[in-house]
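J.: Numbering (the working numbering), first residue to last: -1 to 275.
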């Protein structure tokens, strides 16, 4: 378990075809690694495809997008959060986020639980929340709208998550609320949160990026202050930040001990409601 990690959020400007997105991701990861000792590289939700149809554009779990992520992790010796990719399992389509270790091995799979709007017509929801074990601690995976529900981050935190990742696909009019969710989940649980968004224009809607990394440093009057790094608006960007894990562990232990019995009861109710058993 490590005291800190260096995280990179890759704010991809999406191209019109998958092959060009593959090339752009490879280029951006190469540029990221050349900047310094990065431990974890994160991509946004649905990074590999612009627009598209989940029923016809989904891939198998060993499809070309996942193979690319595995090869990138192995080539550069970094952990890779594969944003999310539409995957087909047993005839059903899921919005899936994967975490690859430094050898390119998949060590974590999260299927988006909370489907937003029209997604419910195409995707099956996931039903589990399990942090991934890494050399620097446990990593909690979410996808976009999952983070709008406080019980998701709290369950991951109570299961030991040292950092929570949120690949997202957020339009311009949703960025302000998304940033609030990211900061709120961080403060509520005393856990760093990384939100990764892409830049695109799809179906007449602008997606402006503005990715966000939220960490902590010790305050004076307040016991915890946020370190917040936000990406550029409507431009390709790479956010690189050293994230302290030790200090949040200390203040998180205090926060999670507050009214633990009531919290357990609330989470038990939430788990039954959302089938997170």
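Virtual Cβ for every residue (Gly too), placed ideally from N, Cα, C.
Please classify residue 119 as buried or exposed, where buried requires at least 16 other C-beta atoms within 10 Å of its C-beta.
T.: exposed
J.: What is the DSSP secondary structure of residue 273, reduced to helix, strand or coil?
T.: With a pLDDT of 49 at residue 273, under the threshold of 50, the modelled position of that residue is not reliable, and the figure given next carries that caveat. Coil, per DSSP.
J.: Quickly, what does DSSP pair residue 8 with across the bridge? List them, please.
T.: 236
J.: Kindly indicate the opening and closing residues of the alpha helix (DSSP H) around residue 141.
T.: From DSSP, residue 141 is part of no alpha helix (DSSP H); its letter is neither H nor E.
J.: Between the beta-carbon of residue 165 and the beta-carbon of residue 41, is there less than 8 angstroms?
T.: yes
J.: Spatial neighbours of residue 179 within its chain, please: C-beta separation below 6 angstroms, excluding the five flanking residues on both sides.
T.: 145 and 146
J.: Does DSSP put residue 167 in a helix, in a strand, or in coil?
T.: Residue state, collapsed to three classes: coil.
J.: Can you confirm whether the stretch 102 to 114 touches the stretch 135 to 144 when touching is taken to mean that 3 or more C-beta pairs between the two stretches lie within less than 8 angstroms?
T.: yes
J.: With distances taken Cα to Cα, identify the nearest neighbour of residue 72 among 238, 97 and 167.
T.: 97
J.: Return the first residue and the last residue of the alpha helix (DSSP H) that residue 177 is part of.
T.: 173 to 187
J.: Considering only the alpha carbon of each residue, which of 39, 160, 225 and 240 lies closest to residue 76?
T.: 39
J.: Report buried or exposed for residue 17, applying the criterion of at least 16 other Cβ atoms within 10 angstroms of its Cβ.
T.: exposed
J.: Anyone know if the C-beta pair for residue 276 and residue 151 falls short of 8 angstroms?
T.: Missing from the structure shown is residue 276; the chain here goes from -1 to 275 and no further.
J.: Can you name the residues that DSSP bridges to residue 213?
T.: 225
J.: Among residues of its own chain, excluding the 5 on either side of residue 237, which ones have a beta-carbon nearer than 6 angstroms to its beta-carbon?
T.: 7, 209, 211, 227 and 229
J.: Could you check whether residue 115 and residue 95 sit closer than 8 angstroms to each other, using their CB atoms as the reference points?
T.: no
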